[in-house]
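Novice: The structure follows.
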Amino acid sequence: MAAAARRGRQRELGKAGWGWTALVAVVSIIYFFPVLWIILTAFKTRTDALAIPPKLFFTPTLDNFIGVFYRASISAGGAQETNFPLYFFNSIFIAGTSVLLALIVGTLAAYAFSRHPLRGNDTYLFIILTTRMMPPIVVIIPIFLMFRLSGLAGSYWGIILLYTAFNIPFSVWLVKSFFDELNPEIEDAARMDGATERQVFFGMCLPQILAGLAATFVFGLILTWNEFLFALLLTGVDTRTVPVAMARTLGGEVGVDYGLLAAIVTLFLIPIFFVTFLLQNQLLRGVTFGTVKR
Amino acid sequence: MTIELLQLTKQFGKLTAVDRIDLKIGEGEVLCLLGPSGCGKTTTLRMIAGLEFASDGEIRLGDVRVNELAARERNVAMTFQFYALYPSLTVAENLAYPLHAEALSAGEIARRVDQIARILQLGPVLKRRPGQLAEGEKQRVAVGRSIIRDAVCFLFDEPLSRLDVQLRETMRGEIKAVLEGLNKPTVIVTHDQLEALTMADRIAVMRDGRIEQVASPHEIFARPANLFVAGFIGTPQMNLLPVKLVDRTTDGVRFALGEATVILPVNGATSALRPSAALTIGVRPRAFDLAAQPAPDTIAARVDIIEPMGAETLLHLLAGEHELRVVVDRRTRPAIGSTVHLRCKPNQLHLFGTDEQRLDLRTVPAGVPA
Numbered sequence: 121m122a123a124a125a126r127r128g129r130q131r132e133l134g135k136a137g138w139g140w141t142a143l144v145a146v147v148s149i150i151y152f153f154p155v156l157w158i159i160l161t162a163f164k165t166r167t168d169a170l171a172i173p174p175k176l177f178f179t180p181t182l183d184n185f186i187g188v189f190y191r192a193s194i195s196a197g198g199a200q201e202t203n204f205p206l207y208f209f210n211s212i213f214i215a216g217t218s219v220l221l222a223l224i225v226g227t228l229a230a231y232a233f234s235r236h237p238l239r240g241n242d243t244y245l246f247i248i249l250t251t252r253m254m255p256p257i258v259v260i261i262p263i264f265l266m267f268r269l270s271g272l273a274g275s276y277w278g279i280i281l282l283y284t285a286f287n288i289p290f291s292v293w294l295v296k297s298f299f300d301e302l303n304p305e306i307e308d309a310a311r312m313d314g315a316t317e318r319q320v321f322f323g324m325c326l327p328q329i330l331a332g333l334a335a336t337f338v339f340g341l342i343l344t345w346n347e348f349l350f351a352l353l354l355t356g357v358d359t360r361t362v363p364v365a366m367a368r369t370l371g372g373e374v375g376v377d378y379g380l381l382a383a384i385v386t387l388f389l390i391p392i393f394f395v396t397f398l399l400q401n402q403l404l405r406g407v408t409f410g411t412v413k414r
Numbered sequence: 018m019t020i021e022l023l024q025l026t027k028q029f030g031k032l033t034a035v036d037r038i039d040l041k042i043g044e045g046e047v048l049c050l051l052g053p054s055g056c057g058k059t060t061t062l063r064m065i066a067g068l069e070f071a072s073d074g075e076i077r078l079g080d081v082r083v084n085e086l087a088a089r090e091r092n093v094a095m096t097f098q099f100y101a102l103y104p105s106l107t108v109a110e111n112l113a114y115p116l117h118a119e120a121l122s123a124g125e126i127a128r129r130v131d132q133i134a135r136i137l138q139l140g141p142v143l144k145r146r147p148g149q150l151a152e153g154e155k156q157r158v159a160v161g162r163s164i165i166r167d168a169v170c171f172l173f174d175e176p177l178s179r180l181d182v183q184l185r186e187t188m189r190g191e192i193k194a195v196l197e198g199l200n201k202p203t204v205i206v207t208h209d210q211l212e213a214l215t216m217a218d219r220i221a222v223m224r225d226g227r228i229e230q231v232a233s234p235h236e237i238f239a240r241p242a243n244l245f246v247a248g249f250i251g252t253p254q255m256n257l258l259p260v261k262l263v264d265r266t267t268d269g270v271r272f273a274l275g276e277a278t279v280i281l282p283v284n285g286a287t288s289a290l291r292p293s294a295a296l297t298i299g300v301r302p303r304a305f306d307l308a309a310q311p312a313p314d315t316i317a318a319r320v321d322i323i324e325p326m327g328a329e330t331l332l333h334l335l336a337g338e339h340e341l342r343v344v345v346d347r348r349t350r351p352a353i354g355s356t357v358h359l360r361c362k363p364n365q366l367h368l369f370g371t372d373e374q375r376l377d378l379r380t381v382p383a384g385v386p387a
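Residue numbers (my numbering), protein chains in the order written: chain A, 121 to 414; chain B, 18 to 387.
Here it is, written out as structure tokens:
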């Protein structure tokens, strides 16, 4: 009888579960549809891409992807390489380095804010946050002038420095919340057991918040990866990132090449998809950190 | 090795958490710091550990002043209330952690871990991580980690507070046995008087950052130094009755308790007291006999609530406006609303002056005139 009751409950749960799954599926499809559309477009010929009504079934082609890396040129005698490999490298290098730097600086600052609060600790934290409160476009002119004067404009270090500064507040706040969740007794215990402050930090605290650090890294990476405005104004020909390069393919003498654009976007999605996929377990633990009480 | 606290003080901003306390814990002695939460007992412990720095006063381990030393330089071992096991290390690694600072050989570390695991029966769980342990096992790992190295003294912060009642009794015995084997000065912080009474050689009762009394468990129970200690130690709580001294009789001293009077067999320090002095009488719930008839030395009280506690029964009584708790044998079954007559057992009276301090009193042996 107990088994029958359990089966009944399972069936009920099963029904509710199916309902939720269906709902989640519908919402996911609605959100994912534009992405899917772009990926499909990347495999279409120019005619198929512009067809009305839109074609769901078509003969796929890789021409657009080839077009990202090679373009037809009469002077070069056929095909000429584009700069997109460089732009992809730039995007990865600039976003990766600046988010990593911000994470290192932010983690150190977060530990200090969490464990050794100053007089007016909350005020300092608030001030750090205020740097993210105004829309970036408000500060773009002074920053542009500063970069021009200091010679940072167009260099890797210039844009990396800027993105690092942009990511630090976010890193400090997020990582501090992870430190705050830890049981400080563990650190005290390590001190009693002869650990130096460095061993307490690296050996006891950091291993406990690795998932949180991974989550912070991915969130920062997504923000930085997609940044357009500062990249447009502060990168040069050699340091241009993919979003900027993408925009520059618009409005050439042949009009907008939607297939090419879709191919770039599709390629642009791959690295971030890969990183998120690799870190998904940590990410899940990171975003649920602290929502479950000890 | 001894622990000595001299005028030790800790201030957090304007708040004085520990206020000029003096305490000496002798060689091999187990001292319990007992008090309600917020009384400064944990702060005192953390100052001895080196996790808080003293605002004033001195901490001496043996002959050495250690105020300025960091926790890791003091060679003091401590177990924490929430065990503070290192979550990313296995049980064996947790136990071995304090030994790394001592630069021992791998063989020696393994030998010590085995030894501790044997004493605390941790052999089967050595490979597990703290998250996979039961509460009692976590507690044993925490104790094991603190006793694995040769520390100069041992500190326990609420060692049993997280265990359920049954486990608490077993662990109390185990910890006591371990502590006896160590023969080092040990300080245990607890708010549980049973824990203090059973494990301590001496108890220091704290309130509001001050030590109210330091004495053996027996002494604390038998001769509480003031009203606070009298009310804090012992369950059910001691009855504390405000009385006025009326006069002296051949059988003792007559006190006024509300409207009624009662003759109690005390003299001693009371001989110096003037009539009408306001005092407090303390009588433990088990220190009453029920008398068959009202007499000059009995207190009349009405039965209000009856709480059977198994072997005994706790009666809540009303003597005038004063509530009384009396523990009687379970076979004694007065009716609710009936009146009983209480006679204090000789030698079990406590008398406190207007300053809340104990008046040292002698009870008068029955039949001998004062």
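For every residue, glycine included, the Cβ atom is placed at its ideal position computed from N, Cα and C.
Going by other Cβ atoms of all chains shown within 10 Å of its Cβ, with 16 needed for buried, is I150 of chain A buried or exposed?
Specialist: Answer is exposed; the Cβ neighbour count stays below 16.
Novice: Can a CB atom of chain B be found closer than 9 Å to the CB of D358 of chain A?
Specialist: D358 of chain A does not count as touching chain B.
Novice: Could you name the residues of the same chain whose beta carbon sits closer than 8 Å to that of Y283 of chain A, not counting the 5 residues immediately before and after it, in chain order?
Specialist: Result list for Y283 of chain A: I214, A215, S218, V219, A222, T344, E347, F350, in chain order.
Novice: Taking three-plus beta-carbon pairs below 8 Å as touching, is the segment 242-249 of chain B in contact with the segment 74-88 of chain B?
Specialist: Contact between the segment 242-249 of chain B and the segment 74-88 of chain B is absent, because fewer than three Cβ pairs lie under 8 Å.
Novice: Specify the secondary structure class of A134 of chain B as computed by DSSP and reduced to three states.
Specialist: Reduced to three states, the DSSP call for A134 of chain B is helix.
Novice: For a test of the three-state rule: what should DSSP assign to V259 of chain A, helix, strand or coil?
Specialist: Note: V259 of chain A maps to helix in three-state DSSP.
Novice: How about A129 of chain B: is its C-beta nearer than 9 Å to some C-beta of chain A?
Specialist: Correcting the residue type first, residue 129 of chain B is Arg in the shown sequence and not Ala. For R129 of chain B, the answer is no, since every Cβ of chain A falls outside 9 Å of its Cβ.
Novice: Does the pairing of the segment 266-286 of chain A with the segment 56-63 of chain B give three or more beta-carbon distances under 8 Å?
Specialist: The segment 266-286 of chain A vs the segment 56-63 of chain B: no contact.
Novice: Mind checking which residues open and close the alpha helix (DSSP H) that includes E305 of chain A?
Specialist: First-last of the alpha helix (DSSP H) with E305 of chain A: 304-312.
Novice: Show which residues of chain A have a CB atom less than 7 Å away from the CB atom of P115 of chain B.
Specialist: Those are D313, G314, listed as they occur along chain A.
Novice: Counting contacts by CB-CB distance shorter than 9 Å, is M95 of chain B in contact with chain A?
Specialist: Yes, because at least one Cβ of chain A sits closer than 9 Å to the Cβ of M95 of chain B.
Novice: Look at P202 of chain B and I316 of chain B and say whether their C-beta atoms are less than 9 Å apart.
Specialist: No, these two residues do not count as a Cβ contact at 9 Å.
Novice: Grab me the residues of K423 of chain A's own chain with a C-beta within less than 6 Å of its C-beta, minus the 5 sequence neighbours each way, in chain order.
Specialist: Outside the shown range of chain A, which is 121 to 414, sits residue 423 of chain A, and nothing can be said about it.
Novice: What is the residue span of the alpha helix (DSSP H) that A229 of chain A lies within?
Specialist: Element bounds for A229 of chain A: 204-235.
Novice: Consult DSSP for S291 of chain A and reduce its assignment to one of helix, strand or coil.
Specialist: Three-state result, S291 of chain A: helix.
Novice: Taking only beta-carbon atoms, is E197 of chain B less than 9 Å away from chain A?
Specialist: No, no contact with chain A.
Novice: With DSSP as the reference, identify every bridge partner of N243 of chain B, one or two as the case may be.
Specialist: Per DSSP, B:Q374.
Novice: Nearest to L160 of chain A by alpha carbon, out of A:I288, A:W140, A:L381, A:D300?
Specialist: It is A:L381.
Novice: Verify the CB distance criterion: does E201 of chain A have a CB-CB separation below 9 Å to chain B?
Specialist: No - not a single Cβ of chain B is within 9 Å of the one on E201 of chain A.
Novice: Would you tell me roughly how many angstroms separate the C-alpha atoms of R268 of chain A and N287 of chain A, rounded to the nearest one?
Specialist: Approximately 22 Å, taken between the alpha carbons.
Novice: Quick one: using the 10 Å Cβ neighbour count with 16 as the cut-off for buried, is T251 of chain A buried or exposed?
Specialist: Classification for T251 of chain A: exposed.
Novice: Contact criterion: CB-CB distance below 9 Å. Does N303 of chain A meet it with respect to chain B?
Specialist: Yes, N303 of chain A lies at the interface with chain B (some Cβ there is under 9 Å from its Cβ).
Novice: Taking the straight line between their C-alpha atoms, what separation do you get for E49 of chain B and A213 of chain B?
Specialist: According to the sequence as given, residue 49 of chain B is Cys; it is not Glu. When rounded, the distance between both Cα atoms is 6 Å.
Novice: Is the segment 158-165 of chain B touching the segment 99-115 of chain B, taking contact as three or more C-beta pairs under 8 Å?
Specialist: Taking 8 Å as the limit for Cβ pairs, the verdict is that the segment 99-115 of chain B does touch the segment 158-165 of chain B.
Novice: For A168 of chain B, which of B:A118, B:L296, B:R185 has the nearest alpha-carbon?
Specialist: Of the listed residues, the one whose Cα sits closest to A168 of chain B is B:A118.
Novice: Specify the secondary structure class of H235 of chain B as computed by DSSP and reduced to three states.
Specialist: Helix.
Novice: Taking just the CA atoms, how far does L334 of chain B sit from E317 of chain A?
Specialist: The straight-line gap from Cα to Cα measures roughly 59 Å.
Novice: Quick one: using the 10 Å Cβ neighbour count with 16 as the cut-off for buried, is L370 of chain A buried or exposed?
Specialist: Exposed is the call here.
Novice: Could you tell me whether any Cβ in chain B is nearer than 9 Å to the Cβ of D433 of chain A?
Specialist: Coverage of chain A is limited to positions 121 through 414, which leaves residue 433 of chain A absent and any answer about it impossible.
Novice: If you run the structure through DSSP and keep just helix, strand and coil, what is D168 of chain A?
Specialist: Of the three classes helix, strand and coil, the one that applies to D168 of chain A here is helix, per DSSP.
Novice: Starting from N256 of chain B, trace the beta strand (DSSP E) in both directions and tell me its first and last residue.
Specialist: Residues 256-266.
Novice: Cα separation between I280 of chain B and D306 of chain B?
Specialist: Distance between the alpha carbons of I280 of chain B and D306 of chain B is about 15 Å.
Novice: Within the 9 Å Cβ cut-off, does Q98 of chain B reach chain A?
Specialist: Closer than 9 Å: yes.
Novice: Could you spell out where the alpha helix (DSSP H) holding F97 of chain B opens and where it closes?
Specialist: Note, F97 of chain B: premise wrong, no alpha helix (DSSP H); not H, not E.
Novice: Got a sec: which bits of the segment 315-334 of chain A sit with their beta carbon under 8 Å from any beta carbon on chain C, in order along the chain?
Specialist: Chain labels in this structure do not include chain C; the protein chains are A and B.
Novice: Can you give the Cα-Cα distance for K193 of chain B and P147 of chain B, rounded to whole angstroms?
Specialist: The alpha-carbon atoms of K193 of chain B and P147 of chain B are separated by roughly 24 Å.
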